[in-house]
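In full-length UniProt numbering, the protein residues as written are 1 to 255.
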Amino acid sequence: MRELNEINQDLDLCNQKILELLNQHLSLKAEAMNTKKARNLSLLLPEQKISVPKDIPYDEEVQDVLTALESAGKRVGSKCLFDTNIALIGFMGTGKSTISGYLKDMLALKEVDVDAMIVKNENMAIKDIFAKHGEEYFRTCESEAILSLKDCKQSVISCGGGAVIREENVTNLKKTSQIVLLTASPETILSRVKESEERPILNGNMNVDFIKELMAKRADYYYKAADVIIETDHKDVSQICEELLAALTGLKDEV
């Protein structure tokens with residue numbers, strides 16, 4: 001049996017090699033993303049996963065390490081594309097939650113849902129907040145939630161449909177985020193939200209005409225706040241996200 005000091009010396013050497021290889025691996029991840037960007041390749045092109053043979057010692061532990069490494073590689077890639085948060089705004093039903101979840105998975109971003117924050121803080125569903133306290137109270141909760149994100153980094157933030165009505169929310173979001181407006185036609189929006197019971201603004205008004213009217217009232221707020229505008233009609237999630245990232249990358253390159 002070897003002495004502990006000898007084992008620890010070997011561990012130190014092993015750790016040094018691991019650190020060198022980790023830095024090399026992450027540098028290659030950054031190089032790969034920059035190459036995709038330079039050659040106009042898909043920024044979300046899936047990369048080959050490393051499979052761990054089941055017959056090696058500690059296969060489960062090795063898989064855990066590789067999973068963490070994959071997530072770190074995605075975060076390095078996202079830093080090559082943009083160095084701010086992504087704040088998604090737009091009318092209900094334009095796809096904010098769907099796009100947020102996809103970007104979280106593909107780029108290992110933190111996902112923040114402002115409405116979910118409010119529900120957690122108030123311990124009450126949004127429709128119940130509206131019913132009990134009214135819209136103005138909800139908007140104040142919304143502003144407080146957005147303000148609390150001031151130290152948030154490498155995140156995709158999904159905002160409620162009316163979040164940009166208050167100028168203070170836009171100001172606070174722009175301090176740390178590029179704001180992306182997702183749009184869709186009233187007909188598309190109705191098809192996406194008609195079965196939802198969590199849209200208090202549309203209670204008793206679940207129709208195209210009302211949606212069109214409310215969208216028109218909010219349009220100036222949306223377009224004034226937006227750094228990037230992405231149309232979501234007749235597109236799949238991956239296509240929308242590719243367009244979004246290409247636009248954000250263009251903004252970064254202009255700086």
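Glycine is no exception: its CB is placed at the ideal position from the N, C-alpha and C atoms.
Based on Cα-Cα distance, which residue from 90, 53, 178 and 38 lies nearest to residue 220?
90
From residue 187 to residue 142, what does the alpha carbon distance come to, in whole angstroms?
27 Å
For the segment 163-176 against the segment 121-129, do three or more pairs of beta-carbon atoms, one drawn from each stretch, fall closer than 8 Å, so that the two count as touching?
By the C-beta criterion, the segment 163-176 is judged not to be in contact with the segment 121-129, since fewer than 3 inter-stretch pairs fall below 8 Å.
Going by C-alpha to C-alpha distance, which of 96, 74, 152 and 37 sits closest to residue 249?
Measuring from the Cα of residue 249, the nearest candidate turns out to be 37.
Let me know if residue 65 comes out buried or exposed under the rule of 16 or more other beta-carbons within 10 Å of its beta-carbon.
exposed
If I measure Cβ to Cβ from residue 168 and keep anything under 7 Å in the same chain, skipping five residues before and after, which residues do I get?
These residues qualify, in order along the chain: 143.
Can you round the beta-carbon distance between residue 87 and residue 179 to whole angstroms, since I take them to be within the 8 Å contact cut?
5 Å
Contact check, residue 80 vs residue 34 under 8 Å by CB: the rounded distance?
Yes, residue 80 and residue 34 are in contact; Cβ-Cβ is about 5 Å, under 8 Å.
Express the C-alpha separation of residue 201 and residue 127 in angstroms, rounding to a whole number.
As the crow flies, the alpha-carbon of residue 127 is around 9 Å from that of residue 201.
I'd like to know whether the C-beta atoms of residue 176 and residue 149 end up nearer to each other than 9 Å.
yes
Rounded to whole angstroms, how far is the Cβ of residue 30 from the Cβ of residue 101, which I believe are closer than 8 Å?
No, residue 30 and residue 101 are not in contact; Cβ-Cβ is about 25 Å, not under 8 Å.
Where does residue 155 land, buried or exposed, given buried means 16+ other C-beta within 10 angstroms?
With 16 or more Cβ atoms within 10 Å of its Cβ, residue 155 is classed as buried.
Find the nearest neighbour of residue 185 within the set 10, 146 and 93, judged by alpha-carbon distance.
93
For the alpha helix (DSSP H) containing residue 63, list its first residue and its last residue.
59-81
Using a Cβ-Cβ cut-off of 7 Å (strictly less than) and excluding sequence neighbours within five positions of residue 72, which residues of its own chain qualify?
26
Just to confirm before moving on: does the CB-CB distance between residue 145 and residue 193 stay below 9 Å?
Not in contact: residue 145 and residue 193 (Cβ atoms no closer than 9 Å).
Compare the C-beta of residue 67 with all C-beta atoms of chain D and state if any pair is closer than 9 Å.
Looking for chain D here will not work: only one protein chain is present.
Assuming contact is defined by CB atoms lying nearer than 9 Å, are residue 181 and residue 225 in contact in what I supplied?
In this structure, residue 225 lies closer than 9 Å to residue 181 by Cβ.
Among 232, 239 and 153, which has the Cα closest to the Cα of residue 83?
Closest by alpha carbon: 153.
Can you tell me whether residue 194 is helix, strand or coil according to DSSP?
coil
Residue range of the unbroken beta strand (DSSP E) whose run includes residue 48:
First-last for residue 48: undefined, no H or E at that position.
What does the Cβ neighbour count give for residue 1, buried or exposed, with the cut at 16 atoms within 10 Å?
Classification of residue 1: exposed, given that the 10 Å Cβ count is below 16.
Is residue 112 near residue 42, with beta carbons less than 9 Å apart?
no
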